[in-house]
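Protein chains in written order, with our numbering: chain A, 790 to 1054; chain B, 7 to 275.
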């Protein structure tokens, strides 16, 4: 019975969601015309769709999307790996954390995207500056979450392992590392969406590849539909990255109790 | 008398004060011993250093003065002869029930097959066999505490140190768990030191009860529980002497006259 009501709730939610999508698409198509907004400001859905087909054929949309996706993937993976490693190291060494915390804080406050022009000066119009911005931007949420998780492990749990004569490595692999998984995945979720931001800023600043480049190209030509196409594709790349994290998280954290409505978002 | 399994010899423990200035003496000059297969309870007001004694016995913290001995050997660090269990079940949420039971033996490096065999035997004994593949969050509080006890017993320790193991479960579950513990201790001939706030628990489960004073904690009384059936606490509750022992312990702790004091001042009954 309880399951029935929950299933009904989910069904109602899904129907409302689809209804909202249809309403939004309809508003996009006919809203600008009705409100008298010129199509070079807000192009209707149909002209964006037409531009999508054109971009696919003429402007190498699949290539640009692929480059951006690859940069996002590389930046996200390296950034989370580095963030997790530094998080564990600092979590296990209070001295290191105390010594490094002012610098980490400063770097965390500095807007990472502002580094993009600098990285382009250093590395030229290649994919590397974009990946580097993404690494920098993904690093912090993952590191902070892992660090906090390692800090917050119940000391009684550590004592329990110690009483069984666990080595430092055993305490890490059997207690600290698995304990840090739920907060780490929270950090990875944030990181997966931020990685797109880092990559796009890098592409906006320089280069001739990627959706960020396509976006500035469209802007230069006053091709508003192309700008919209780029934004939609970027959202798609970010959404897929987020979805992949969620799927891995569900596998890894399968032991956690279900968290009720909307738990997958 | 049989051999001494656990002994505290003139143990004193001081902690640095919270403001770092003076030292705070948690326990002072505590000496007592627990013999083979004996169950001894330790009662006393909050903050009298009971848990400190447990940490010293398990080798997690060295005492400021004096020593603890297990099987005649001075405790210098964690050792395989002692296992402890706390009020918190400390089950690992990412491990199944069976994997939680084998946590200790795995760390001690027993072959996986032997680990699994022990877990299966203990879980069957505690009537938890059908839950061995479940995760802790799927279990009730009483079941989780039973899994924690199975994990403690899996390492086959000579001495069990139990720190208020059942104070977080409801009264009826607690009686069932007390019975299980009493039977297990008797069958396996285990030696145990039980820290508890529950006077009835102390009387029904133990051979002897030690009463501690307020901080700095010292042992102010020792009461031998002269009742049969240490493996059946529910029968002991019906024993005519039961109420006398509880009343005596209440007098010794001066419960009728203790006013509730600020947290950290002790005597939070």
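No residue lacks a Cβ here, since even glycine has one placed at the ideal position from N, Cα and C.
In the pairwise beta carbon analysis, the segment 951-967 of chain A is classified as not touching the segment 908-920 of chain A: fewer than three pairs are separated by under 8 Å. DSSP places residue 935(A) within a helical segment (H, G or I) once states are collapsed to three. Among the residues of chain B, those whose CB is under 7 Å from the CB of residue 1044(A) are 99, 100, 141, following chain order. For residue 839(A), the enclosing alpha helix (DSSP H) begins and ends at 834-847.
Rounded to whole angstroms, the gap between the alpha carbons of residue 162(B) and residue 204(B) is 26 Å. Neighbourhood of residue 873(A) in chain B, by CB distance below 7 Å: empty, with the nearest CB roughly 17 Å away. Assignment of residue 230(B) by DSSP, reduced to helix, strand and coil, places it in the strand class. Contacts with chain B at 7 Å (Cβ-Cβ) do not include residue 958(A). With respect to the C-alpha of residue 112(B), the residue from 952(A), 853(A), 902(A), 823(A) having the closest C-alpha is 952(A). Cα atoms of residue 832(A) and residue 848(A): separation of roughly 19 Å, rounded to the nearest angstrom. Boundaries for residue 941(A): no alpha helix (DSSP H) harbours it, and the DSSP string shows neither H nor E there. Among the residues of the segment 944-957 of chain A, those with a Cβ less than 9 Å away from any Cβ of chain B are 945, 946, 948, 949, 950, 951, 952, 953, 954, 955, 956, in the order of the chain.
Residue nearest to residue 173(B) within the set 202(B), 85(B), 165(B) is 202(B) (criterion: CA-CA distance). When rounded, the separation of the alpha-carbon atoms in residue 922(A) and residue 877(A) is 22 Å.
Note that the C-beta distance between residue 214(B) and residue 51(B) is not below 7 Å. For residue 200(B), the pairing in a beta bridge is given by DSSP as 47(B), 168(B). Not a single CB atom of chain B sits nearer than 7 Å to the CB of residue 971(A). Annotation: the continuous beta strand (DSSP E) that includes residue 30(B) extends over 29-41. Taking C-beta atoms under 8 Å as the contact rule, residue 210(B) and residue 243(B) qualify, at a distance of about 6 Å. For residue 62(B), the closest Cβ of chain A is not nearer than 7 Å.
Annotation: the continuous alpha helix (DSSP H) that includes residue 57(B) extends over 56-63. In the structure shown, residue 11(B) adopts extended strand secondary structure according to DSSP, grouped into three states.
Residue 224(B) and residue 941(A) have their C-alpha atoms roughly 34 Å apart. Against residue 113(B), the close residues of chain A are 950, 953, 954, 955, 959, 963, in the order they occur along the chain (beta-carbon pairs closer than 8 Å).
For chain B, the residues of the segment 967-999 of chain A that bring a beta carbon within less than 7 Å of one of its beta carbons are 967, in chain order.
The DSSP assignment places 1000-1009 as complete runs of the alpha helix (DSSP H) inside the segment 972-1021 of chain A, in order along the chain (cut-off: 4 residues). Annotation for residue 29(B): 20, 21, 22, 23 place their beta carbon closer than 8 Å to its own, counting only its chain and skipping 5 residues before and after. Against chain A, the beta carbon of residue 66(B) has neighbours under 7 Å at 948, 951, 952, listed in chain order. The beta-carbon of residue 147(B) is placed no less than 7 Å from the nearest beta-carbon of chain A. If one requires a minimum length of 3 residues, the beta strand (DSSP E) runs lying completely within the segment 138-194 of chain B are 165-169, in chain order.
For residue 50(B), the nearest beta carbon of chain A is not closer than 7 Å to its own beta carbon. In the DSSP annotation of this structure, the continuous segment of the beta strand (DSSP E) that includes residue 216(B) starts and ends at 214-218. Taking 7 Å as the CB threshold, residue 53(B) stays off the interface with chain A.
Collapsing the DSSP output to three states places residue 830(A) in coil. When Cβ-Cβ separations below 7 Å define contact, residue 21(B) makes no contact with chain A. For residue 35(B), the closest Cβ of chain A is not nearer than 7 Å.
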